[in-house]
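Report on the structure given below.
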Amino acid sequence: MLHFYQHRTRKEKHPTLTVFYIVVAIAAVIAAVAFISCRIRVTETRIRSSKLPDAFDGYRIVLLTDLHDRYFSIIPEKLRQLHPDAVMLGGDIHSKRKLDGEFFKFLTSLCGEYEVFFAEGNHDLTPDTAEDYREYTEKIKATGVHLLRSDEVILRRGKDSVSVSGTDWYRCGNEYPIHTPGLFSIDLLHDPEFFDQVPSRPDLMLSGHVHGGFVRIPFVGGLIRPGAVESLKKGNFSRIFLPTYSEGLYCSADGSSRLFVSVGMGFSGLPFRLIPPEIALIILEKEPGSP
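The structure is reproduced here in structure tokens:
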């Protein structure tokens, strides 16, 4: 009696095919990150206040933060589509240690069309010598921008006024923005954590710095704090994860003050973003029924 046996052999994976799949997966991840890093989104936030004077009802502010010397050539055209009354630069606009180039051309182009305010961040140029610092300051002011280093600017529309103030990164902690009492007040400060440290909170504070926490976790928020690597080296583990303020609008416990944090546009350190760049449009509105 003859018996027939079927021998099954395991199908071997071709190594070339495995490499191909790996390459395709890596390419897909790179393409996705590149898409996220370059896809600029415009967000719109409306802020109502009974303290806002009538003439500033509908006042449009564009907040730009953390450009890190990117997008200078394309931002002006995008802003024309938003029709802002003022452009506020919330720090880390210029990262390169030089006193010429596109940065000053960018400021000049903005000031030719809008009221522009600038509060410097930790990556903005800090020249090595007093002479360089003086030249840097003069070049910025020559563009027409309001450079806020614990300075106040009064915006006027007819008989109505609002106060805009700000402090640069290196003064903050020792100096804070000042405001004329009784006016609706706006602070421009790079680091949103100063929202809990300023002696007197403004009606509205505008910030950046956190890059949205670099990674967003649903129902949690931003994951990583700025300076996490330095905090890890120092063993300060409480300063690594879960920034207090990372994106969007926050309100003080008593409801009298608001903080808006932009996720920014550029990047530093790692050459990519995992959160799309943001141009933030903020529209001020008079609270209905208020005097």
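In numbering that gives the first Met the number 0, the protein residues as written are 0 to 290. Glycine residues also receive a C-beta, built at the ideal position from the N, C-alpha and C atoms.
Whose C-beta lies closer than 8 Å to the C-beta of F259 among residues of the same chain, with five residues either side of it excluded?
T44, I46, L62, L203, M204, L205, S206, G247, L248, Y249, A279 and I281
Between the beta-carbon of I185 and the beta-carbon of M87, is there less than 9 Å?
yes
Taking 8 Å as the threshold, find out whether the region 120 to 138 comes into contact with the region 70 to 83 through three or more Cβ pairs.
no
Distance, R40 Cα to K50 Cα:
30 Å
If R224 and P242 are in contact, beta carbons under 8 Å, what's the gap, nearest whole angstrom?
5 Å
Out of curiosity, what's the CA-to-CA distance linking T107 and P14?
57 Å
Would you tell me roughly how many angstroms separate the C-alpha atoms of F286 and V152, rounded to the nearest one?
One detail in the question is off: residue 286 reads as Glu in this sequence, not Phe. For E286 and V152, the distance between alpha carbons rounds to 24 Å.
Check D195 in the structure and name its three-state DSSP category.
helix
Could you give the residue range of the alpha helix (DSSP H) that holds F102?
E101 to C110
Through-space distance from T166 to S149, alpha-carbon basis
4 Å
Is L154 near F240, with beta carbons less than 9 Å apart?
no
Distance check for F183 and S160, CA to CA, integer angstroms please.
8 Å
DSSP beta-bridge partners for L241?
DSSP, once it has assigned bridges, lists no residue as partnering L241.
Under a Cβ-count criterion, where at least 16 other Cβ atoms within 10 Å of its own Cβ denotes burial, should P52 be classed as buried or exposed?
buried
How many Å lie between P270 and H67 at the Cα?
11 Å
In chain order, which continuous runs of the beta strand (DSSP E) of length 3 or greater are located wholly inside the region 201 to 225?
203 to 206
Proximity of G89 and L231 at Cβ, strictly below 9 Å
no
Would you kindly work out how many angstroms separate the C-alpha atoms of I139 and L146, rounded to a whole number?
7 Å
Closest to F117 by CA distance: which of V144, V197, F194 and P176 is it?
V144
Cβ-Cβ separation, G265 to D84 (assumed contact under 8 Å), whole Å
D84 to G265, Cβ: 25 Å. No contact.
Alpha carbons only, please: which of R200, D190 and E192 is nearest the one belonging to S162?
R200
Below 9 Å between beta carbons: does that hold for G221 and F213?
yes
For L98, three-class secondary structure by DSSP
coil
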